[in-house]
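In what follows, a single structure is set out as structure tokens and then discussed.
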Amino acid sequence: MAKYQGRAVKLGKPFRTPGQSKKFAVFVRDKKTKNVKKIRFGDPGMKIKSNIPARKRSFMARMGGVLKKVRGQKSLSPAYWSLYAWRNSIK
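Quick note, the sequence shown lines up with residues 9 to 99 if you use this note's numbering.
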């Protein structure tokens, strides 16, 4: 457990954010500053259909290149968590 804006939060566990600008969020500790950051990712208007193998392959192929371009701590990138969600079938 870590503190974020005065409350205890779990690190590295994506959760839904209903009514927000993004579909999911996750709390991550920045290794440089040691601060906890909230990373938001996912389009709230789209559905994750990771149970369809062709869609999953296509998404992974597109986003893999995006993740390679991220410099520094990968877990601070929305692309990292988007791939995580598809890989682990977070709905």
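For each residue, glycine too, the CB sits at the ideal point set by N, CA and C.
For Val74, the enclosing alpha helix (DSSP H) covers residues 61–76. Beta-bridge partners of Tyr12 (DSSP): Arg15. Distance from the Cα of Ala62 is smallest, within the candidate group Lys18, Lys46, Gly20, Trp94, for Trp94. With 16 or more neighbouring CB atoms inside 10 Å of its own CB, Ser85 falls in the buried class.
Under the 8 Å Cβ criterion, the segment 14–32 counts as touching the segment 46–60, having at least three qualifying pairs.
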